[in-house]
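In the working numbering, each residue's number is its place in the sequence shown (first place is 1) plus 508.
Even glycine gets a Cβ: it sits at the ideal position worked out from N, Cα and C.
Computed from a prediction, not measured in an experiment: that's the story for all the values here.
Okay, so here's the structure we're looking at.
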Amino acid sequence: MRLLYVLVLLFWVLVSGCGNSEEQLVRRADKIHKTILTVDTHCDTPMDFEDPAFDMGVRHENGCVDFPKMIEGGLDAEFFAVFTGQGPRNDSAFKKVQSDALFILNAIHNNVEKNASVAEIALTADDAYRLKKSGKLAAFIGIENGYPIGLDISKVRQFYDLGARYITLCHTRNNDICDSSNDPAGPESNGLSDFGKKVVSEMNSIGMMVDVSHLSDKSFYDVLSVSGAPVIASHSSTRALCCNPRNLSDNMLLALKENGGVIQICILSAYLKTIEPNPDMELKLKELGSKYGSYDTISSEIRKNQMRGEYREIRIRYEKLATVSDIVDHIDHVVQVIGIDYVGIGTDFDGGGGVEGCRNASEMKNITIELLRRGYSKREIEKVWSGNIMRVLRQVEEIAEKSQS
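Quick look at the structure:
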């Protein structure tokens, strides 16, 4: 009888210990998020800013990022992407896309300004740390797709002066800067074009981070050969764990380390794991395409918003998502190949990003909990969340200052 009592007592101690262990992880994650800077280097939420009534200060049922969700998830800084889909490459098209980009840039500034008690535009690494200390959120800006540059190198400086601190050189199609990893037509410039080399040099000279996400392998290596500053992959994952041309191979990771740059792990399921065929979702997406046509060719903002809303509903209902564990598998892989100093997080929220357990900015701490579960220290977690990307931003700033002196 005494033995039975001891065994029962031991069982409850073990069960209780397991429960407390999980609770301890949550408490440790909460504490860490209060004391370190946390940065996400890519979200496409500004596509919603095309609706003048959209307010980042309000918690939205749909959508992944708004200021209340950032506060709930312990996310201190977000790079808001000025996304423009690739279109024709002629004078009239360049004029139109430049106007579109300026509209989104102004909309980001306006949305932050009307929530000035909560957030501010950040231009430097020091800004981000200052805002964290003051209890405010930091809103950085990035340009996704160099298409709005057209063939006018002065646009690089214009976008920088309006607050952009990185440019993703291309998107899913080739442009005048470089070849994309996803263009069905294949390579056009055999990597970085001559004009693209000028763009990279201009970005180096003014202190703007070069983003190699979406680039073809040849474009990636060409950028590294030209850039005099560390580069970033603002939202990419590892090809060894998910064989997608959007991801970086181990050799690319090694080259990135040599450059001093950083890969920000993208949490879009298709870049984290090979997802099983999903005919129901494919059918619904095909029907959506038939209904609206290509998103880039829709002229009505109302119809664009309707298409985005229906797309989100399809994903919520049908998509087979990766998990938080899959995210950290990719972080683990980068650490194993090139070390803890070259990896961060770039969610691609509101552009397809989001996994089971981290569907929006309010659930960001779940990544920290998984990192803790795997034995990462607070210092290592700080590097992943901000230390590495802020190091690169500072180095890019310093290199530009030296070149100007």
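Have a look at the options and flag the residue whose alpha-carbon is nearest the alpha-carbon of residue i.
| i | options | result |
| --- | --- | --- |
| GLY704 | GLN666, ILE853, ASN653 | ASN653 |
| ARG825 | LYS792, GLY852, VAL851 | LYS792 |
| THR549 | GLY861, LYS886, LEU829 | GLY861 |
| GLU727 | GLY694, ILE714, SER745, CYS750 | The sequence shown places Ser at residue 727, not Glu. When each option's Cα is compared against that of SER727, the closest is GLY694. |
| PRO787 | ARG887, LEU732, GLU827 | GLU827 |
| ASN623 | GLY854, PHE562, ASP608 | PHE562 |
| ARG820 | LEU796, HIS838, VAL836 | LEU796 |
| SER607 | ILE649, ILE657, ASP635, ASP687 | ILE657 |
| ALA741 | ASP635, GLY769, ASP660 | GLY769 |
| THR632 | VAL664, GLU621, ASP669 | ASP669 |
| VAL720 | LEU749, ILE675, ILE714 | ILE675 |
Quick check on residue i: does DSSP put it in helix, strand or coil?
| i | result |
| --- | --- |
| ALA908 | helix |
| LEU776 | coil |
| TYR884 | coil |
| SER688 | strand |
| GLN717 | According to the sequence as given, residue 717 is Met; it is not Gln. Three-state result, MET717: strand. |
| ASP608 | helix |
| HIS841 | helix |
| VAL832 | helix |
| THR632 | coil |
Under the assumption that residue i contacts residue j (Cβ atoms under 8 angstroms), give the Cβ distance between them as a whole number of angstroms.
| i | j | result |
| --- | --- | --- |
| GLY817 | ASN570 | 7 angstroms |
| THR592 | VAL573 | The Cβ separation is near 19 angstroms, so there is no contact. |
Leaving aside the five residues before and after residue i along the sequence, list all residues of the same chain whose C-beta is less than 7 angstroms from its C-beta, in chain order.
| i | result |
| --- | --- |
| ALA737 | ASN712, GLN903, VAL904, ILE907 |
| ARG747 | ASN755, LEU756, SER757 |
Taking the C-alpha atoms as reference points, what is the distance between residue i and residue j?
| i | j | result |
| --- | --- | --- |
| GLU580 | ASN759 | 38 angstroms |
| VAL832 | ASP599 | 44 angstroms |
| GLN814 | GLN912 | 47 angstroms |
| ASN682 | SER735 | 20 angstroms |
| ILE619 | PHE557 | Ile is not the amino acid found at residue 619; the sequence shown has Asn there. Looking at the two C-alpha atoms, the distance is approximately 8 angstroms. |
| GLY895 | VAL547 | 9 angstroms |
| THR553 | TYR779 | 19 angstroms |
Excluding the five sequence neighbours on either side, which residues of its own chain have a C-beta within less than 8 angstroms of the C-beta of residue i, listed in chain order?
| i | result |
| --- | --- |
| TYR637 | LEU545, MET898 |
| VAL842 | THR746, LEU761, ILE771, ILE773, TYR850, VAL851 |
| GLU531 | none |
| CYS678 | GLN594, ASN653, GLY654, TYR655, ILE685, CYS686, ASP687, SER688, HIS722, LEU723, SER727 |
| GLU871 | GLY581, GLY865 |
| ILE946 | Absent from the model: residue 946. The displayed extent of the chain is 509 to 913, so no value can be given. |
Near residue i, what residues of its chain come up, given a Cβ to Cβ distance below 6 angstroms and the 5 sequence neighbours on each side ignored?
| i | result |
| --- | --- |
| THR543 | none |
| PRO753 | SER689 |
| LEU776 | ASP856, GLY860, GLY861 |
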